[in-house]
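Q: Sharing a structure with you now.
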Amino acid sequence: MKKIFILRRNSGQGGAEKSAERLASQLSGHYAVERMWAGNSYRGSVIPGRRGPPWWRSWRYTRHIDALALMQKDQLVLSLEYGPDCDIYRAGDGVHRLEVLRRYGSRKGWMVNPWHWLAPRQERKCLESAKIIVANSRLAEAAIQNEYPYLAHKTTTIYNGFDPSVYTVTDRPKSELRMALGLPPDGLMLLFSGHDFVRKGLRHVVTLLGRLVNGTGENAYLVVAGDGDSKLVAGQIKQANLADRVRFPGGVPGIERYYQAADFMVLPTNHDPFSNACLEALACGCPVITSDRNGAAEVIHETNGMVMSSEFNDDDFERSAAFIQRFAENPRTVAKTVDGLKHINEASAYRDLIENLFELQQRT
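What the sequence shown shows, in the UniProt record's numbering, is residues 1 to 364, in sequence order.
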């Protein structure tokens with residue numbers, strides 16, 4: 001049986017980690033699939049890369065995987081990780097140099113972090129080794145093509161998929177869903193789902209909440225589902241008199257329950273190649289407001305949400321507040337807009353690529 005190795009160093013609940021699990025599950029019915037994460041055992045030895053600073057973990061993982069020489073006849077390597085050589089590279093982390101530029105601007109603070117020296121080299125290495133580079137949005141594909149124009153002929157886009165057995169619309173009243181989660185049953189519920197409060201734009205969500213509550217008199221509140229430091233927005237919340245309207249349950253199991261309970265998912269991210277959280281929310285019938293720096297914006301239109309400018313100025317928040325107050329589509333209409341992005345469709349697109357590469361192996 002032909003074999004697929006799926007590489008992702010971490011095995012947690014981040015977007016890329018969930019994508020690795022999803023692809024492994026979908027492809028396992030067609031190939032022998034081996035998940036290769038740090039801490040897992042393969043051929044009698046533990047794969048390194050769990051401990052130490054990020055640059056050390058990445059370097060050790062890459063060095064170990066490359067030494068295994070997995071790219072052989074009737075075997076393919078599908079990588080979601082910077083560094084290791086591969087046949088197919090799923091570029092879900094964006095371009096590292098651009099991320100550094102967004103985070104630091106003209107400041108030189110990045111230079112003291114070894115990861116920012118290693119990551120571009122790891123990125124270039126795996127991109128050049130790959131026969132096919134799969135971006136998860138046209139936004140991400142364009143970034144790769146602009147950064148590596150000599151690799152543009154190898155790129156394609158396959159959108160993320162979602163599991164419809166988990167992320168689906170429910171007929172239970174929102175008030176009932178909220179009470180089961182310990183949330184106020186009444187009022188407009190905004191949801192922020194993400195672990196990086198700075199990059200994902202939590203402060204912009206608080207600004208929008210303030211505009212709704214203090215500017216229009218809307219009875220609204222915000223639920224922040226994700227691990228992060230609430231102190232980052234504590235002063236902003238206090239200044240806007242929103243202390244009793246923002247809740248921080250942290251990282252929560254069963255996030256789909258929150259998508260189903262919320263009126264709107266708001267993710268004004270500073271950068272996201274394609275946010276899984278936005279797709280999952282839409283599948284649950286929850287309309288999404290996100291920024292034009294999110295690849296998921298490519299599947300959002302007037303019947304399932306709104307894309308706001310990443311300028312994040314007063315006009316953007318005014319338009320977002322007005323959109324929230326006039327939006328009238330029901331959850332099933334919202335969910336129907338992403339019917340074509342179920343995980344089975346994503347896996348089918350990857351199978352086509354994989355079969356083409358296996359055919360190429362047979363001819364060479």
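Ideal Cβ positions, reconstructed from N, Cα and C, are used throughout, including at glycine.
Using a Cβ-Cβ cut-off of 7 Å (strictly less than) and excluding sequence neighbours within five positions of residue 24, which residues of its own chain qualify?
A: Here residue 24 is taken as the residue at index 24 of the sequence shown, counted from 1. So the list reads 6, 33 and 35, once near-sequence residues are dropped.
Q: Scan the region 260-304 and note each continuous alpha helix (DSSP H) run of 4 residues or more that stays entirely inside, going in chain order.
A: 276-283
Q: Contact between the region 117-133 and the region 238-245 is defined here as three or more beta-carbon pairs at a separation below 8 Å; is this criterion met?
A: no
Q: How would you write the range of the alpha helix (DSSP H) that residue 51 sits in, first residue to last?
A: Indexing the sequence shown from 1 puts residue 51 at position 51. Run containing residue 51: none; DSSP gives neither H nor E here.
Q: Which residue's Cα is closest to the Cα of residue 94: 280, 80, 263 and 85?
A: Working through the sequence shown from its first residue, we reach residue 94 at position 94. Among 280, 80, 263 and 85, the Cα nearest to that of residue 94 belongs to 80.
Q: Among 330, 21 and 233, whose alpha-carbon lies nearest the alpha-carbon of residue 161?
A: In the sequence shown, the residue the question calls residue 161 occupies position 161. It is 21 whose Cα lies nearest to the Cα of residue 161.
Q: Kindly indicate the opening and closing residues of the beta strand (DSSP E) around residue 220.
A: Stepping through the sequence shown from its first residue, residue 220 is reached at position 220. From DSSP, the beta strand (DSSP E) with residue 220 extends over 220-225.
Q: Return the first residue and the last residue of the alpha helix (DSSP H) that residue 198 is part of.
A: Start at 1 with the first residue of the sequence shown, and residue 198 comes out as number 198. Residues 197-200.
Q: Quick check: what's the CA-CA separation for residue 281 versus residue 45?
A: For the purposes of this step, residue 281 is identified with residue 281 of the sequence shown, where counting begins at 1. For the purposes of this step, residue 45 is identified with residue 45 of the sequence shown, where counting begins at 1. Cα to Cα, the separation comes out at about 39 Å.
Q: With burial defined as no fewer than 16 other Cβ atoms inside 10 Å of the residue's Cβ, what is the status of residue 159: buried or exposed?
A: Against the sequence shown, residue 159 aligns to sequence position 159. Per the 10 Å Cβ criterion, buried.
Q: Report the three-state DSSP secondary structure of residue 258 (helix, strand or coil).
A: In the sequence shown, counting from the first residue as 1, residue 258 sits at position 258. Helix.
Q: Would you mind reading off the limits of the alpha helix (DSSP H) that contains residue 81?
A: Your numbering for residue 81 matches position 81 in the sequence shown. First-last for residue 81: undefined, no H or E at that position.
Q: Given residue 175, which residues of its chain have a CB within under 8 Å of its CB, disregarding the five upstream and five downstream residues?
A: Sequence index remark: in the sequence shown, residue 175 carries index 175 (1-based). These residues qualify, in order along the chain: 185 and 186.
Q: With residue 320 as the anchor, note down where its beta strand (DSSP E) starts and where it stops.
A: On the sequence shown, position 320 is the one that residue 320 refers to. Here residue 320 belongs to no beta strand (DSSP E); instead the alpha helix (DSSP H) covers 314-326.
Q: Is the region 306-326 in contact with the region 197-217, if contact means three or more CB pairs nearer than 8 Å?
A: yes
Q: Going straight from the alpha carbon of residue 103 to that of residue 271, what length do you get?
A: If you number the sequence shown from 1, residue 103 lands on position 103. If you number the sequence shown from 1, residue 271 lands on position 271. The alpha-carbon atoms of residue 103 and residue 271 are separated by roughly 10 Å.
Q: In this structure, does DSSP put residue 104 in helix, strand or coil?
A: Numbered from 1 along the sequence shown, position 104 holds the residue referred to as residue 104. Reduced to three states, the DSSP call for residue 104 is helix.
Q: Is it right to say residue 106 is buried, meaning 16 or more other beta carbons lie within 10 angstroms of its own, or is it exposed?
A: For this step, residue 106 is matched to residue 106 along the sequence shown. In the assembly as shown, residue 106 is an exposed residue. Its beta-carbon has fewer than 16 other beta-carbons within 10 Å.
Q: Looking only at its own chain, which residues have a Cβ that is under 6 Å from the Cβ of residue 262, when we skip the five neighbours before and after it?
A: Here residue 262 refers to the residue found at position 262 of the sequence shown. Excluding positions up to five away in sequence, the list reads 189, 191 and 286.
Q: Say yes only if the C-beta of residue 160 is nearer than 6 Å to one or more non-hydrogen atoms of the ligand GTP, and no if none qualify.
A: Annotation note on the ligand GTP: not contained in the displayed structure, which lists no ligands.
Q: Please go through the same chain and pick out, in chain order, the residues whose beta-carbon is closer than 8 Å to the beta-carbon of residue 216, but skip the five residues on each side of it.
A: Residue 216 sits at position 216 when you count from the first residue of the sequence shown. Cβ neighbours of residue 216 beyond the five flanking positions: 321 and 325.
Q: Could you tell me whether the Cβ atoms of residue 354 and residue 98 are closer together than 7 Å?
A: In the sequence shown, the residue the question calls residue 354 occupies position 354. In the sequence shown, the residue the question calls residue 98 occupies position 98. No, the pair does not count as a contact, with Cβ atoms beyond the cut-off.
Q: Please classify residue 189: does DSSP put it in a helix, a strand, or coil?
A: On the sequence shown, position 189 is the one that residue 189 refers to. Residue 189: strand per DSSP, three-state reduction.
Q: What is the DSSP secondary structure of residue 8, counted as helix, strand or coil?
A: Numbered from 1 along the sequence shown, position 8 holds the residue referred to as residue 8. Coil, per DSSP.
Q: Ignoring anything shorter than 3 residues, give me the beta strand (DSSP E) runs that lie fully in the region 117-204, in order along the chain.
A: 132-135, 155-157 and 188-193
Q: On the criterion of 16 or more Cβ atoms from any shown chain inside 10 Å, does residue 348 qualify as buried, or is it exposed?
A: As a working mapping, residue 348 is identified with position 348 in the sequence shown. By the beta-carbon neighbour count (other beta carbons within 10 angstroms, threshold 16), residue 348 is exposed.
Q: Does the region 218-230 come into contact with the region 248-259, if we say contact requires no fewer than three beta-carbon pairs (one atom in each stretch) closer than 8 Å?
A: yes
Q: Would you identify the three-state DSSP class for residue 69, choosing helix, strand or coil?
A: Mapped onto the sequence shown, residue 69 falls at position 69. DSSP places residue 69 outside both helix and strand once states are collapsed to three, so it counts as coil.
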